[in-house]
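For what it's worth, this note's numbering labels the leading residue of the sequence shown as 1, then goes sequentially.
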Amino acid sequence: MNWEQELAEQMSGSSDYVQQQLRIGENVYTVCYLECLVEANYIQDEIVEKLADPACRFPFHTLETTPEAIEAILYGNLVIYSHAEQVLYVANGTGMETRNVQESENESSLRGPRDGFVESVSTNLSLIRRRYPDPELKVDIRQIGRRTKTKVALAYINGIVNPVILDEVKTRLSTMDIDGVMDSGTVEQWIEDSWYSPFPQTQYTESPARVLHMLLEGRIAIIVDGSPFVLIVPVTFSMLFQAPDDYYERWMIGSAIRIIRITGASIALILPSLYIALISYHPGMIPTQLALTISAARAEVPFPSFLEAVFMEATLEMLREAGLRLPKIMGQTIGIVGGLVIGQSAVEAGIVSPVLVIVVAITAISSFLVPAYNGAIALRLLRFPLMLLAGSLGLFGLILGILAILAHLVSLKSFGINYFSPLVPYRPSDWKDMFVRAPLPYLRDRPEILHPQDKKRMDLHKRKKGW
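As structure tokens, then:
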């Protein structure tokens with residue numbers, strides 16, 4: 001069986017597989033490709049012209065085996081067999097259709113680059129390399145998935161990245177034995193340290209500028225073909241509250257906004273539980289006038305504060321999920337109108353108190369302050385166990401729940417790095433970019449927790465005093 005028959009047998013059942021002969025002068029060529037990935041005009045305008053002129057064959061590469069030819073065809077290339085030379089060539093096709101580079105809808109930036117990643121790994125790598133034209137930016141591309149053979153690229157800066165962390169990332173990727181990789185989320189769930197933790201142990205982004213910022217710190221980027229979300233490893237808990245704009249604005253503005261985010265995350269996590277604990281177990285801790293107002297508002301509510309709060313929080317989560325799954329314009333309408341109508345109707349029906357509606361509204365707004373979506377979801381999920389503890393044991397239960405969350409965060413790791421660093425273990429040098437962002441000259445060192453090879457990222461000796 002010759003290679004033409006082998007290809008035809010392997011690709012049998014695929015109606016988009018084309019195998020045709022071209023006669024150019026005295027030579028005969030067999031061209032094989034997938035018509036859904038290669039335009040017919042491209043074959044006539046480019047391939048035939050190059051085959052007619054032997055001097056123009058430099059874009060063609062030779063193949064040795066049939067499996068190599070099949071793989072080339074499936075990736076959108078053309079396989080050409082020269083009957084006269086008895087040589088198998090591969091030529092680059094027009095490539096698969098990809099989305100144009102555009103601004104990310106999930107990571108809007110007030111100040112800074114606006115371009116975002118797309119679903120093509122080669123395009124995403126070009127966006128990174130354009131910003132860092134240095135040979136020390138290394139890219140390790142491998143295929144993952146027994147059937148999909150998805151390209152997964154590791155990007156890092158040689159001379160900065162910690163080799164121990166790099167080897168750990170490569171080891172975890174090499175252990176992936178799975179049918180297919182559809183998105184970077186599949187890779188994330190496979191390589192993370194704790195599968196049972198609600199907190200994300202990797203971070204994803206659509207911003208090339210943010211990826212480069214992380215690479216310069218000594219972290220590693222994982223780029224998956226077919227996904228616009230690039231994974232960053234390792235990560236720490238404080239990174240959930242950081243946004244690219246923090247570094248583009250002056251340090252006082254960035255620090256103030258970061259404090260607002262952390263405050264909002266705390267409110268989103270504990271405010272409903274605190275309401276339940278104070279109303280049900282510790283009303284004496286509420287100021288007298290406010291306690292009388294709340295008591296009058298809840299006089300006709302037939303449910304205890306725990307069931308009242310769970311009902312409103314569950315309704316809010318359903319509205320939020322419905323808004324995400326519906327078309328964009330309709331989703332916004334459902335979120336706003338649905339929240340107003342249900343809240344007002346619940347108060348008028350005497351199911352919930354007006355005070356709880358205010359508490360739930362503040363909680364919802366606060367949860368939107370967390371830049372990392374997967375971090376915000378973790379806080380929203382943990383809100384319900386805290387509400388259960390507060391409804392059972394009051395403030396004592398709430399404190400127990402918070403201590404359990406802190407204990408879990410302290411024990412968590414991300415590729416060997418303590419997740420709660422630089423708080424535990426205590427590293428004061430890294431506090432300059434945690435809860436607040438210190439002025440730029442004070443960020444001259446890379447994060448100590450990563451143990452980078454090159455610890456310095458700026459030299460202040462050339463900066464004149466008085467600037």
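The beta carbon of each residue, even a glycine, is placed where N, CA and C say it ideally should be.
A quick note: this is a predicted structure, and the numbers were derived from the prediction, not measured.
Selection Arg131, Ala299, Val18 and Leu51 evaluated against Ala84 yields Leu51 as nearest (Cα-Cα). Taking a contact as a CB-CB distance under 8 Å, the pair Phe396 and Leu409 does not count as one, their CB atoms being some 21 Å apart. Boundaries of the alpha helix (DSSP H) around Ala265: Trp251 to Ser280. When the Cα atoms are used, Glu103 and Ile160 turn out to be separated by approximately 29 Å.
Taking Met182 as reference, the option from Val224, Leu215, Ala153 and Glu168 with the minimal CA-CA separation is Val224. By the CB criterion at 9 Å, Pro425 and Asn418 fall inside the cutoff.
Between the stretch 365–384 and the stretch 263–280, the count of Cβ pairs shorter than 8 Å is three or higher; the stretches touch.
Nearest Cα to Thr123 within the set Pro228, Ile165, Gly185 and Ala69: Pro228. When the alpha-carbon of Tyr17 is set against those of Leu34, Thr30 and Glu4, the nearest one is in Leu34. Per DSSP, the continuous beta strand (DSSP E) segment holding Thr30 begins and ends at Asn27 to Leu34.
Under DSSP, His213 shares a beta bridge with no residue. The three-state secondary structure of Leu37, taken from DSSP, is coil. When only Cα atoms are considered, Glu448 and Met434 end up about 13 Å apart.
Between Tyr373 and the set Tyr156, Glu206, Thr65 and Thr150, the nearest pair of CA atoms involves Glu206.
Residue pairing from DSSP places Ala221 in a beta bridge opposite Ala155 and Ile232.
Residue burial is scored here from C-beta neighbours: Trp251 has at least 16 other C-beta atoms within 10 angstroms and is therefore classed as buried. The criterion of a C-beta distance shorter than 9 Å is not satisfied by Ile276 and Ile294. Straight across, the Cα-Cα distance linking Glu6 with Ser197 is about 48 Å. Selection Ile178, Ala153, Asn162 and Pro304 evaluated against Leu231 yields Ala153 as nearest (Cα-Cα). Per DSSP, His61 lies in no alpha helix (DSSP H); the unbroken beta strand (DSSP E) holding it starts and ends at His61 to Leu63. In the three-state scheme derived from DSSP, where H, G and I count as helix and E and B as strand, Asp140 is classed as strand. When DSSP reads this structure, Asp433 sits in a beta bridge with Arg437.
Out of Asp179, Ile70, Leu212 and Ser15, the CA that lies nearest to the CA of Pro113 is found in Leu212.
By the neighbour-count definition (other C-beta atoms within 10 Å, threshold 16), Pro234 is a buried residue.
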